[in-house]
Amino acid sequence: MLSNTAVPKYYGRFRAEVLAGLPVCQEIIMEMHRIDALIASPYYYYDDEAIDGFIQYCEGECTLTDGSDITLLDSFKLWAESIFGWFEFIERQVYVPGPDGHGGQYVTKVIKKRLINKQYLIVARGAAKSMYASCIQSYFLNIDPSTTHQITTAPTMKQAEEVLSPIRTAVARARGPVFQFLTEGSLQNTTGNKANRVKLASTKKGIENFITGSIVEIRPMAITKLQGLRTKVATVDEWLSTDTREDVIGAIEQGASKLEDYVIVATSSEGTIRNSAGDSIKMELLSILRGEYDARHVSIWYYRLDDISEVGDPSMWIKANPNLGLTVKYETYHDDVERAEKVPSARNDILAKRFGIPMEGFTYYFTYEETLPVNFSPAIGEMGPPCLDFRQLPCAMGADLSRGDDFCAFGFLFPNRPRMGEFGFKARCYITSYTLAKLPTAMRVKYEEFMQEGSLVIMEGAILDMAQVYDDLEKYIDFMGYEVRAMGYDPYNAVEFVKTWAASNGPYGIVKVLQGTKTETVPLGEIKILTEQKALVFDEGITMFCMGNAVTLEDTNGGRKLVKMRSDQKIDVVSSLIDCIVAFKSNKDQFD
Numbered sequence: 064m065l066s067n068t069a070v071p072k073y074y075g076r077f078r079a080e081v082l083a084g085l086p087v088c089q090e091i092i093m094e095m096h097r098i099d100a101l102i103a104s105p106y107y108y109y110d111d112e113a114i115d116g117f118i119q120y121c122e123g124e125c126t127l128t129d130g131s132d133i134t135l136l137d138s139f140k141l142w143a144e145s146i147f148g149w150f151e152f153i154e155r156q157v158y159v160p161g162p163d164g165h166g167g168q169y170v171t172k173v174i175k176k177r178l179i180n181k182q183y184l185i186v187a188r189g190a191a192k193s194m195y196a197s198c199i200q201s202y203f204l205n206i207d208p209s210t211t212h213q214i215t216t217a218p219t220m221k222q223a224e225e226v227l228s229p230i231r232t233a234v235a236r237a238r239g240p241v242f243q244f245l246t247e248g249s250l251q252n253t254t255g256n257k258a259n260r261v262k263l264a265s266t267k268k269g270i271e272n273f274i275t276g277s278i279v280e281i282r283p284m285a286i287t288k289l290q291g292l293r294t295k296v297a298t299v300d301e302w303l304s305t306d307t308r309e310d311v312i313g314a315i316e317q318g319a320s321k322l323e324d325y326v327i328v329a330t331s332s333e334g335t336i337r338n339s340a341g342d343s344i345k346m347e348l349l350s351i352l353r354g355e356y357d358a359r360h361v362s363i364w365y366y367r368l369d370d371i372s373e374v375g376d377p378s379m380w381i382k383a384n385p386n387l388g389l390t391v392k393y394e395t396y397h398d399d400v401e402r403a404e405k406v407p408s409a410r411n412d413i414l415a416k417r418f419g420i421p422m423e424g425f426t427y428y429f430t431y432e433e434t435l436p437v438n439f440s441p442a443i444g445e446m447g448p449p450c451l452d453f454r455q456l457p458c459a460m461g462a463d464l465s466r467g468d469d470f471c472a473f474g475f476l477f478p479n480r481p482r483m484g485e486f487g488f489k490a491r492c493y494i495t496s497y498t499l500a501k502l503p504t505a506m507r508v509k510y511e512e513f514m515q516e517g518s519l520v521i522m523e524g525a526i527l528d529m530a531q532v533y534d535d536l537e538k539y540i541d542f543m544g545y546e547v548r549a550m551g552y553d554p555y556n557a558v559e560f561v562k563t564w565a566a567s568n569g570p571y572g573i574v575k576v577l578q579g580t581k582t583e584t585v586p587l588g589e590i591k592i593l594t595e596q597k598a599l600v601f602d603e604g605i606t607m608f609c610m611g612n613a614v615t616l617e618d619t620n621g622g623r624k625l626v627k628m629r630s631d632q633k634i635d636v637v638s639s640l641i642d643c644i645v646a647f648k649s650n651k652d653q654f655d
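In the working numbering, each residue carries its 1-based index in the sequence shown increased by 63.
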């Protein structure tokens with residue numbers, strides 16, 4: 064029965080385990096506080112029988128992908144209870160026809176409505192997230208008497224197939240009485256007795272229930288394919304761990320909100336791609352968990368380790384995966400920890416996917432370890448303030464100028480600093496206030512960090528005025544006391560800047576560096592050697608950011624050219640570093 068004081072059955076068991084010492088992360092504790100607030104509130108009601116039907120259906124009818132019987136995990140029951148167990152009573156204007164069938168009027172009525180419409184599940188790889196989404200889809204497809212349009216989406220169509228695959232297997236096995244009834248008959252019987260027709264079948268469209276006219280289908284993860292749908296149930300897979308540039312969950316919700324009791328279940332593991340739409344959504348979820356704004360219709364289960372130091376403690380691994388030991392072995396996690404120690408290039412992916420620790424960038428041309436500044440603390444995964452001082456020292460400058468509405472980067476390379484054989488490096492970049500205003504939330508936060516460390520300057524306007532950029536750069540060089548003895552530049556959009564520089568500083572030491580395999584192969588190889596030996600010393604986050612985005616295109620002769628995957632993945636600082644290296648080598652006699 065409904066109660067506004069009862070403790071949910073499976074949540075009560077989970078809470079008792081936590082109080083008895085079960086390790087959980089801070090995000091799960093914050094979600095527990097939100098559920099405790101629902102229990103204490105007189106406005107929200109818990110139905111202790113609402114979850115029982117879901118459990119009976121799944122354990123009696125559903126199967127795993129290989130056809131074996133399914134026994135719902137305690138975590139599945141806990142998550143599903145959040146969706147099915149909570150209700151609220153709201154007032155609605157309902158049209159009531161007249162007694163004779165003509166005319167009528169709107170009457171205010173109190174109706175019962177399910178509280179939770181969206182559930183976000185962020186949990187480590189191997190927690191059977193897709194199986195949970197499959198159970199939700201199958202339950203609504205065959206138990207809901209209304210005609211429902213259900214969709215599942217993922218970064219690739221084959222990945223989304225993992226949600227429908229267990230349902231197709233359950234249809235083929237028909238182990239329970241409901242599926243035996245629904246699959247009785249022939250799919251080829253289209254004109255004969257309807258009683259002899261199959262009622263549930265996997266078709267080209269998806270999986271269809273012919274009794275209610277309901278269907279669950281796969282849709283591409285793109286706003287153009289998802290907006291405007293009247294979707295009753297939607298599951299979104301891997302919205303955080305991949306390079307998703309669109310808020311597809313928001314697009315689904317706009318169409319689903321046309322219905323009364325829609326459900327959106329978004330499951331994902333943590334990823335290594337920062338500054339995407341997924342990170343912006345995650346920042347919003349963290350605001351909800353912290354209580355910065357009230358969102359009672361959202362359920363959030365975010366599993367992760369609280370600190371990177373817990374990776375070495377197997378007793379803490381359950382924080383990141385509540386199904387550890389059930390759906391994935393401890394040995395699998397142990398092997399990944401060993402691999403992270405032996406293979407630095409795989410470290411950030413393992414920490415994100417297995418332990419829920421957000422890491423920065425893929426390892427493209429530079430490995431993750433090579434992109435770390437001298438003031439980076441691996442223990443806490445954060446950077447300290449800039450600590451290198453190259454004032455009053457000779458340097459080679461590299462200039463990578465933009466087309467006017469993009470990054471404009473300058474690099475300063477200091478030979479034999481801070482020790483003999485090492486090269487110090489500083490960066491100074493410029494963008495417009497218009498470009499800053501267009502950034503998504505997560506990217507905006509990243510740029511603000513660069514602004515605080517002094518490596519990024521915001522110029523007012525919509526297009527960079529290179530005269531203003533030159534004036535500011537000249538003041539910066541004078542203030543720092545840098546003695547620029549050589550200057551390398553990419554000629555694209557650099558004619559006026561170079562003329563002004565030559566007029567002020569003389570034509571000597573200026574080197575044109577054309578972009579391409581012919582000119583970039585050698586300096587890229589030299590930069591790689593310096594980063595491998597930790598002989599390139601820098602302390603700015605913007606350099607780490609651009610190195611993490613750097614990708615090289617290699618031809619059949621082994622020549623390399625610096626490229627980027629997308630326009631918002633900035634590599635301009637690395638380009639300016641190449642210009643610095645070329646200018647330094649061309650004018651070595653100036654640094655004797």
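The beta carbon of each residue, even a glycine, is placed where N, CA and C say it ideally should be.
Item	Value
Give the straight-line distance between the Cα atoms of residue 325 and residue 471, rounded to the nearest whole angstrom.	47 Å
According to DSSP, is residue 460 helix, strand or coil?	strand
If you pair each beta-carbon of the region 597-615 with each one of the region 497-507, do three or more pairs fall below 8 Å?	no
From the DSSP output, in three-state form, read off residue 321 for me.	coil
How many Å lie between residue 490 and residue 458 at the Cα?	12 Å
Quick one: any contact between the region 159-178 and the region 406-420, if contact means 3 or more CB pairs under 8 Å?	no
Could you compute how far the alpha carbon of residue 220 sits from the alpha carbon of residue 282?	7 Å
What does a CB cutoff of less than 6 Å around residue 602 pick up in its chain, not counting 5 residues either side in sequence?	436, 437, 438, 449, 450 and 451
Ends of the alpha helix (DSSP H) at residue 471?	It is not in any alpha helix (DSSP H) - residue 471 instead sits in the beta strand (DSSP E) that spans 471-478.
With a threshold of 16 other CB atoms inside 10 Å of the CB of residue 558, please say whether the residue is buried or exposed.	exposed
Nearest CA to the CA of residue 367: which residue from 647, 92 and 127?	92
Please return the same chain residues whose Cβ sits closer than 6 Å to the Cβ of residue 245, not counting the five positions on each side in sequence.	262 and 263
For residue 410, which residues of its own chain have a beta-carbon under 7 Å away from its beta-carbon, when the five flanking residues on both sides are left out?	403 and 431
Would you kindly work out how many angstroms separate the C-alpha atoms of residue 525 and residue 469, rounded to a whole number?	10 Å
Do you know whose CA, among 132, 149 and 116, lies nearest residue 70's CA?	149
Can you give the Cα-Cα distance for residue 240 and residue 121, rounded to whole angstroms?	12 Å
Looking only at its chain, what residues have a beta carbon closer than 6 Å to the beta carbon of residue 626, apart from the 5 residues adjacent to it on each side?	614 and 616
What first and last residue would you give for the beta strand (DSSP E) that runs through residue 212?	212-217
Please name the residue in 95, 605, 398 and 113 whose C-alpha comes closest to that of residue 65.	113
Just mark residue 396 as buried or exposed, buried being the case when its beta carbon has 16 or more other beta carbons within 10 Å.	buried
Are the CB atoms of residue 145 and residue 179 within a distance shorter than 8 Å?	yes
Given a cut-off of 8 Å, decide if residue 485 and residue 374 are closer than it, judged by their beta-carbon atoms.	no
How many angstroms separate the CA atom of residue 425 from the CA atom of residue 343?	Only weak support is given to the placement of residue 425: the predicted model assigns it a pLDDT of 42, under 50, and the value that follows is read from those uncertain coordinates. Their backbone Cα atoms lie some 19 Å apart in a straight line.
On the premise that residue 551 lies in contact with residue 461, defined as a C-beta separation below 8 Å, what is that separation, rounded to the nearest angstrom?	5 Å
If residue 142 and residue 184 are in contact, beta carbons under 8 Å, what's the gap, nearest whole angstrom?	6 Å
Output the distance between the C-alpha atoms of residue 193 and residue 310, rounded to the nearest integer angstrom.	20 Å
Span of the alpha helix (DSSP H) holding residue 587?	580-595
Please classify residue 682 as buried or exposed, where buried requires at least 16 neighbouring CB atoms within 10 angstroms.	Past the edges of the chain, shown from 64 to 655, lies residue 682, and the structure says nothing about it.
Return the first residue and the last residue of the beta strand (DSSP E) that residue 364 is part of.	361-365
Can you give me the Cβ contacts of residue 650 inside the same chain, cut-off strictly under 6 Å, excluding the 5 residues immediately before and after it?	549 and 572
What is the DSSP secondary structure of residue 553, reduced to helix, strand or coil?	coil
Assign residue 257 to one of three DSSP states: helix, strand, or coil.	helix
Taking the DSSP output, what are the residues bridged to residue 177?	150
With burial defined as no fewer than 16 other Cβ atoms inside 10 Å of the residue's Cβ, what is the status of residue 140: buried or exposed?	buried
DSSP three-state label for residue 425, please.	Because residue 425 sits at a pLDDT of 42, beneath the cut-off of 50, its placement in the model cannot be relied upon, and the following sentence gives the value as read from the coordinates. The answer is coil: DSSP assigns residue 425 none of H, G, I, E or B.
Cutting at 7 Å between CB atoms, please list the residues of its own chain near residue 218, excluding the five before and the five after it.	284, 301, 305 and 307
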